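Residues in the sequence shown are numbered from 5 upward in steps of one, following the working numbering. Just so it is clear, CB atoms sit at the ideal spot from N, CA and C, and this is done for glycine as well. None of these values were measured; they are calculated from a predicted model. One structure is given here, and the rest of the page talks about it.
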Amino acid sequence: MKVLQIIDSLDFGGMEKLAVNFANALSSKDISNILVSTRKSGPLLALLNNKTDYYELDKKSTLDILSFWKLLKIVKNSKPAVIHAHATSVFWAIMIKKIIPDIKLVYHEHYGGIIADSSASSRLKILQRFKSSLFGCVVVNEELKQYFEGVFEKRVKVVYLENFVAETNYEKNICPVNRFLCVANFKKPKNHFDLIKGLAIVRQKGVDANLTMIGRVDDQAYFEQLKALILELDLMDFIVIEAPRIDLLPYYINTDVGILISDAEGLPMSVLEFGIHKIPVIVSSVGQCVQLLEGGENGSLVKVNDPKDISEKMLDVCMNPDAREKRVKNFYKKVISKHSEKSFLSAYFKFLN
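This is how it looks when you write it as structure tokens:
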């Protein structure tokens, strides 16, 4: 069996990281696979193993015929049994399927907020119209599974495959300051605003805490508003903003609590990364996060749009080390058992068959 993945780019992001992890996992089992970036490469290419064949098309638009023919040539020459199309890449993948009907086409939807996002309506309409071209659909939470079963009228095999991370070993540095880390690109539906407001409340209560935020600026207006809020709340000395990077281990080593505040999520890779690095987590009660943290047994869950609740959970994590460590151990065990490469591939092959 040969597998080909199509994705827009290899920029920093959960979808892109999963595509690379998937390619590496297939290669680890000596399964021939190809990864194609239609628009551009990106920093995550550095994480791709050398067994996976990689191509970049430099696509300028959806109607870039030359780039499409490049993709078609790759598919014809490599003869994959399965094509995985991530998000918007499904448009070209459907065209490929029309030309080469024997290929199994699997669509991946990574965006937990797609149901309420009007900007994604055209993609949904195309998926519904061409559902007969799809073998299957992979989603990132149970809500999306139910939704797409309705979209496809149960004519397409829809499966929720849980994201996975690689196991690691390291020793954390000890520091008297409560160090929070948020890894999320600066855009909606991420909600850095409520996180910052929560930190302000924590500091007002006399607790020494700081925050590092790592992410790409996807929405400049969002980012400018965020910087203005930091100035307004006089938190400049307690918040550090960093550009995204491949190696986050130096930050994990110096982090006490991982935190992700969002208005919508699927199954966030950053939270799984916190879990595998044995970092306590605080996460919004959205998407698959409630199930991931088992209602609070594996970490702290916060209400959406509630800075006060965020501050209370931040204080609780800081003030109750025994309860925090218990949740950390629970979460680590779950990530190892349910979100490993082995468990992902097992579920994947079951889905294909």
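- For V144 against E277, the beta-carbon gap comes to about 15 Å, at or over 8 Å, which does not count as contact.
- The C-beta distance from S93 to D212 rounds to 46 Å, too long to meet the 8 Å contact threshold.
- Look at S126 here: in three-state DSSP terms it is helix.
- Excluding five sequence positions before and after L203, the CB atoms of its chain that fall closer than 6 Å to its own CB belong to L215, given in chain order.
- Remark: C-beta atoms of V155 and L138 do not approach each other more closely than 8 Å.
- Annotation: F190 is outside any beta strand (DSSP E) and is labelled neither H nor E by DSSP.
- Counting only residues of its own chain and dropping the five nearest sequence neighbours on each side, D57 has a CB closer than 6 Å to the CB of I38.
- In this structure, K191 lies near Y226, with their beta-carbon atoms less than 8 Å apart.
- Under the DSSP assignment, I286 falls in the beta strand (DSSP E) whose first and last residues are 285 to 288.
- Every alpha helix (DSSP H) of 4 residues or more that sits fully in the segment 220 to 304 is shown, in chain order, as 224 to 236, 253 to 257, 273 to 280, 293 to 296.
- In the three-state reduction of the DSSP assignment, K161 falls in the strand class, which pools E and B.
- Secondary-structure assignment with DSSP links E329 through no beta bridge to anything.
- Annotation: the continuous alpha helix (DSSP H) that includes G154 extends over 146 to 155.
- Here the alpha carbons of G291 and A188 stand approximately 16 Å from one another.
- Taking the Cα positions, V306 is about 22 Å away from N167.
- Here DSSP, grouped into helix, strand and coil, assigns R183 to strand.
- Unbroken beta strand (DSSP E) stretches of 3 residues or longer found wholly inside the segment 6 to 38: 7 to 11, given in chain order.
- Looking from the CA of I104, the closest CA among I87, E157, Y115, G116 belongs to I87.
- If one requires a minimum length of 3 residues, the beta strand (DSSP E) runs lying completely within the segment 196 to 220 are 213 to 218, in chain order.
- Taking the Cα of F16 as reference, the smallest distance to any Cα among A247, E301, N258 is reached at A247.
- 8 Å or more divides the Cβ of R220 from the Cβ of F242.
- With a threshold of 16 other beta carbon atoms within 10 Å, S274 meets it and is buried.
- Among the bridge pairs identified by DSSP, H88 is matched with Q9, V110.
- Within the same chain, I234 come within 8 Å of M240 by CB-CB distance, once the 5 residues on both sides are set aside.
- Bounds of any alpha helix (DSSP H) do not take in V308, whose DSSP letter is neither H nor E.
- Here the C-alpha atom of K317 lies approximately 22 Å from the C-alpha atom of V339.
- No Cβ-Cβ contact shorter than 8 Å links I69 with V40.
- Look at D121 here: in three-state DSSP terms it is coil, with no helix or strand label.
- Distances from the CA of N177 to each of A124, I100, I119, Y256 were compared; the closest alpha carbon is that of Y256.
- DSSP, read as helix, strand or coil, puts Y58 in strand.
- Listed in chain order, the non-local C-beta contacts of R331 below 6 Å within the same chain comprise N302, G303, local neighbours out to five positions each way being set aside.
- Bounds of any beta strand (DSSP E) do not take in V79; it lies within the alpha helix (DSSP H) bounded by 69 to 82.
- Separation of the CB atoms of S266 and P193 is rounded to 5 Å, and the pair is thereby assigned contact status at 8 Å.
- Contact annotation, D198 with I314: C-beta distance approximately 6 Å; criterion of less than 8 Å satisfied.
- Cβ neighbours of H281 within its own chain (closer than 6 Å, five residues either side excluded): Y256.
- Across the set I283, N258, G262, V287, the C-alpha of V287 shows the shortest separation from the C-alpha of L271.
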